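In order, the protein sequences belong to chains G and L.
Taken in order, the first sequence gives residues 1 to 317; the numbers are from this note's numbering.
Taken in order, the second sequence gives residues 1001 to 1357; the numbers are from this note's numbering.
Accompanying notes for the structure given below.
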Amino acid sequence: MASLLKVENLKVSYRLRNRDLTAVNGVSFSVERAQAVGLVGESGSGKTTVALAALRLLPANGSVSEGRITFDDRDLITLPDEELSRIRWEGISMVPQNSMSSLSPAHRVRTVFRDVLMAHFSGSEEEAEARISRAVELANFPKKALEFYPHQMSGGMRQRALIALSLLCEPKLVIADEPTTALDVIVQRQIMDEMRDLRSKVEASLLIITHDIGVVSEYCDIMVVMYAGMVFEYGPTKEVIHDPRSPYTKLLLKSHPLLFDTTKEIIEIPGDPPELESIPGGCPFVPRCPYSQSICKEAEPPLTHVSGNHFARCHFV
Amino acid sequence: MSQEIILQGVILSEVRYDISSENKSSTSEILAVEDLKKYYPVRRGVADLLRRSKKVQVKAIDGVSFTVNEGRVYGLVGESGSGKTTTGYTIMGLENPTSGTISFQGKTLSAKEHKHAGLSLKLRMIFQNPYETFDPRKTLWQTFSEILQVAGLGSRPERRQMSLDALSRAGLRPAASYIDRFPSELSGGQLQRAAIATALVVEPVLLIADEPVSMLDASIRAGVMNLLLNLNRQKKMAILLITHDLSVAWYLCDYLIVMYLGRIAEKGPAEQVLQNPRHPYTAALISASPMVDKAKWNFVAKGEVDSNIDLPKGCRFHPRCPFATDICREQEPAPEVAGDGWSYWCHHPLSVQKLKN
């Protein structure tokens, strides 16, 4: 069977006043059915832009300049608007990061649920109610809170409301953009555990976009490491964590503070993440890479096959 | 270059162990917080006033005591609503305490004392968001110069040199290429280094760091953490680190103060507290940290932090605690001693065995 979501050589650029800025530069990866994929990167790595492009929600000055995104064998970039609006919610849904600004402050949560169903569901009143009940139960959202306004709920509860909302139309893929970043650590853990359990209850794939390697390592089957708009490493999460092959992934893992790490070494990556306006030719990680050779400045390294489904971008994999 | 980086890490960790193996009483106490309370009134509507309903207060800090010794790193940890940031602000004099005392270097600080310029030289604070630390319309040099002028230090050329030194020590090298920039011309990591430099320019005795790395990108975080450790080591600067992230506390802190809803749940030497916590809340925070051994740390607290207005009766953690019994619902736990400088407030303290079951 073909992949559920397939991103092929995607290039996205933003038009600025006098020039174009390439935010995503040739990204390819796929999400299979019932799989959890983690897209991890720092700010400016292009991870959110990939998700926005997949849902065709890029801001007005952004456009896909090259590449394809297919969902269930349909090309999302050229799909007519009516068909695309069917895919949103019913095929792909999104859990946004900021739960306060994602729910209408002037409406009860129930109203938001009903609005989505009105546009995407043709069943009877009872069936609609049953769907809402099932979705809130799956997301562990208390049913009585459907009558609340967003300001009456805690951050954790609002996030659960959004997760329930994303499941309402039984989508095949849920894209979660930093789903727990704004929450307290214990609630973060509760919600991530619930999202993991969800996958055994509903047949949905999950694409988690995050800056947090900890989240990816615990909840994703596949991880995609992005840097400067490119995929730097791709593979089964366990393999990438235990045997990272690109210097960026290696250093990122070593610089990640880990509770109970006995060496208590924090290894820092020198320099700053690249500014997209001034990415040097060759490998974009060169200015920060301790292993760089002269070839790295001249040629952009290819995404090299390591083993099985594991790829890394470096001249010296 | 890779060797250099790795070496730096090794050297730092070695020195850390030297410090922690020193006799604990060998450094002197510089800060003592005693039964500190900070209540905020809740604004009430006309209806409440007419009904003459009871005065409502948010108890942000409700009886917190701890001491800070010279040259050590203390972690103030907890979730939102724990009062950790308010504690930091009150020590800095950015908030006036409702009751309780704060003594710094033997002197009790009053609202008046806090305004005294001499104090601002010894006690400094950095914040989570470095973009809010700086005036966006001033260059770094203008900000530094103002700090030093207020402190009454140096002539103009001397101030410039001191600022350059501080920037350079904070890792912004060459400092001359940064000092005349505006905050918007620096990245988040660079600006947080500059914020640390504003604290350093006067070489404080105590630096209060409020979530200094939580806004920074993963690859820059380690650099700023190392910088803080370096300063602690080289300048014997004490640090009070306010953080929700135990993995950051694990690397940086000698002591931990775990707070929950305005009270201390547990405090003591960082490694001991983290490896063998007595308070269920400490264990819940550890279990929620990424990539810990899930077989051992499977302790997930229920629900969310309660409101600071309607505080739970008895132990404040009991609504979320799976070990809670009747006594926890009625009686606030008294402090118990677990070891040297290590105490906890719990009716049913944990042992590692209990966690495994």
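Glycine included, each C-beta is placed from N, C-alpha and C at the ideal position.
None of the values given here were measured: they were computed from a predicted structure.
Under the Cβ criterion of 8 Å, residue 281 of chain G is not counted among the residues facing chain L.
Assigned with DSSP and collapsed to three states, residue 1192 of chain L falls in helix.
According to the DSSP assignment, residue 1105 of chain L belongs to no alpha helix (DSSP H), since it is labelled neither H nor E. In this structure, DSSP gives residue 132 of chain G a helical state, which the three-state scheme calls helix. With distances taken between CA atoms, residue 253 of chain G lies nearest to G:40 out of G:22, G:33 and G:40.
The DSSP assignment places 1188–1200, 1218–1235 and 1246–1252 as complete runs of the alpha helix (DSSP H) inside the stretch 1184–1269 of chain L, in order along the chain (cut-off: 4 residues). Take the alpha-carbon of residue 244 of chain G and the one of residue 232 of chain G: they are about 10 Å apart. Distance from the CA atom of residue 1076 of chain L to the CA atom of residue 1317 of chain L, rounded to whole angstroms, is 17 Å.
Taking 8 Å as the upper bound for CB-CB distance, residue 1194 of chain L and residue 1241 of chain L are not in contact here, some 19 Å apart.
For the C-beta of residue 1071 of chain L, not a single chain G residue is nearer than 7 Å; the gap to the nearest is close to 18 Å. Contact between residue 5 of chain G and residue 54 of chain G holds, with the beta-carbon distance rounding to 7 Å and staying under 8 Å. With at least 16 other beta carbons inside 10 angstroms of its own, residue 1232 of chain L counts as buried.
The alpha-carbon separation between residue 1207 of chain L and residue 1245 of chain L amounts to approximately 18 Å. Taking the C-beta atoms as reference points, residue 174 of chain G is found nearer than 8 Å to residue 204 of chain G.
Residue contact with chain L for residue 17 of chain G: absent (no Cβ-Cβ distance below 8 Å to any residue of chain L).
Residues of chain G with a Cβ closer than 8 Å to the Cβ of residue 1261 of chain L do not exist, since the nearest Cβ in that chain sits about 12 Å away.
A residue is called buried once 16 or more other Cβ atoms fall within 10 Å of its Cβ, and residue 118 of chain G, having fewer, is exposed. The C-beta distance from residue 177 of chain G to residue 97 of chain G rounds to 5 Å, short enough to fall under 8 Å. When DSSP assignments are scanned along the stretch 273–303 of chain G, no uninterrupted stretch of beta strand (DSSP E) that is 3 or more residues long falls wholly within it. Within chain G, no C-beta atom comes nearer than 7 Å to that of residue 1276 of chain L; the closest sits roughly 12 Å away.
Note on geometry: alpha-carbon atoms of residue 283 of chain G and residue 1056 of chain L lie some 60 Å from one another. When L:1319, L:1337 and L:1198 are compared, the shortest CA-CA separation from residue 1301 of chain L is found for L:1319. Interface with chain L (8 Å Cβ-Cβ cutoff): residue 244 of chain G is excluded. Look at the beta carbons and you see the stretch 286–300 of chain G not touching the stretch 199–213 of chain G: under three pairs across the two are nearer than 8 Å. Distance from the CA atom of residue 1307 of chain L to the CA atom of residue 1107 of chain L, rounded to whole angstroms, is 34 Å. Put simply, of L:1168, L:1243, L:1248 and L:1340 the residue whose alpha carbon is nearest the alpha carbon of residue 1260 of chain L is L:1243. Shown here, residue 1041 of chain L sits in a strand according to DSSP, grouped into three states.
At a beta-carbon threshold of 8 Å, the residues of chain G lying near residue 1244 of chain L are 184 and 185, ordered along the chain.
Residue-level contact check: residue 214 of chain G touches chain L, since one or more beta carbons of chain L fall below 8 Å from its beta carbon. If you look at residue 47 of chain G, you'll find it in the alpha helix (DSSP H) that goes 47–54. With a beta-carbon spacing of about 17 Å, residue 1268 of chain L and residue 1251 of chain L fall beyond the 8 Å limit used to define contacts. Residue pairing from DSSP places residue 20 of chain G in a beta bridge opposite G:15.
Close partners of residue 1068 of chain L in chain G (Cβ separation under 7 Å) are lacking, with about 21 Å as the shortest Cβ gap. Counting only residues of its own chain and dropping the five nearest sequence neighbours on each side, residue 300 of chain G has a CB closer than 7 Å to the CB of 282 and 283. Of the residues G:154, G:110 and G:136, the one whose Cα lies closest to the Cα of residue 170 of chain G is G:136. One Cα belongs to residue 82 of chain G, the other to residue 120 of chain G, and the distance between them is close to 12 Å.
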